[in-house]
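Step one of this worksheet: look at the structure below.
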Amino acid sequence: MRLTSRQTEIITEVVFRNAGETAAAYLFGSRLNDQARGGDVDILIEMDRQLSWLARARIRMELEQTLGLPVDILVRVRNVEPTPFQSIAQAQAVRLEGRP
Numbered sequence: 006m007r008l009t010s011r012q013t014e015i016i017t018e019v020v021f022r023n024a025g026e027t028a029a030a031y032l033f034g035s036r037l038n039d040q041a042r043g044g045d046v047d048i049l050i051e052m053d054r055q056l057s058w059l060a061r062a063r064i065r066m067e068l069e070q071t072l073g074l075p076v077d078i079l080v081r082v083r084n085v086e087p088t089p090f091q092s093i094a095q096a097q098a099v100r101l102e103g104r105p
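One rule links them: number in our numbering = place in the sequence shown (from 1) + 5.
Okay, structure coming up:
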């Protein structure tokens, strides 16, 4: 995984603050490949309800400013059938630990 432990802490802190303590944050995409270079930070947020567009934008802006990297956010609502893209992302995703 091409994130430092501090970057992981920042991601989980921002997600929990904006999406709630029951949310789970996962990393997927190119940042999981230690051999790759560059790339954005793809984050899957799993929650019990849909995340508002305002909260999603707040998370993305705060993470991009703090990490200095482009960030993409994908939200998956528990107990709702995932889209094909959500299924693919979740199949390769790694849960980020570091609850505040």
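The beta carbon of each residue, even a glycine, is placed where N, CA and C say it ideally should be.
Since the structure is predicted, the reported quantities are computational estimates derived from the model, not experimental observations.
Leaving aside the five residues before and after I93 along the sequence, list all residues of the same chain whose C-beta is less than 8 Å from its C-beta, in chain order. Closer than 8 Å at the Cβ level, and outside the excluded window around I93, lies no residue.
Mind checking L68: buried by the 16 CB within 10 Å criterion, or exposed? Around the CB of L68, 16 or more other CB atoms lie within 10 Å, so the residue is classed as buried.
Per DSSP, the bridge partner or partners of R41: A small fix is needed here, since residue 41 is Ala in this sequence, not Arg. None, per the DSSP bridge assignment.
Mind reading off the beta-carbon distance from M6 to V99? Whole number of angstroms is fine, and I expect it under 8 Å. About 6 Å separates the two Cβ atoms, so the contact holds.
Neighbour-count burial assignment, F90, 16 or more Cβ in a 10 Å radius: In this structure F90 is exposed. Its beta-carbon is surrounded by fewer than 16 other beta-carbon atoms within 10 angstroms.
Whole-angstrom distance between D47 and R83, CA atom to CA atom: Taking the Cα positions, R83 is about 19 Å away from D47.
Determine, using beta-carbon pairs with one atom in the stretch 55-66 and one in the stretch 29-43, whether at least three such pairs fall under 8 Å. Verdict: no, contact absent.
G44 versus P75 - alpha carbon distance: Using only the alpha carbons, I get a separation of about 8 Å.
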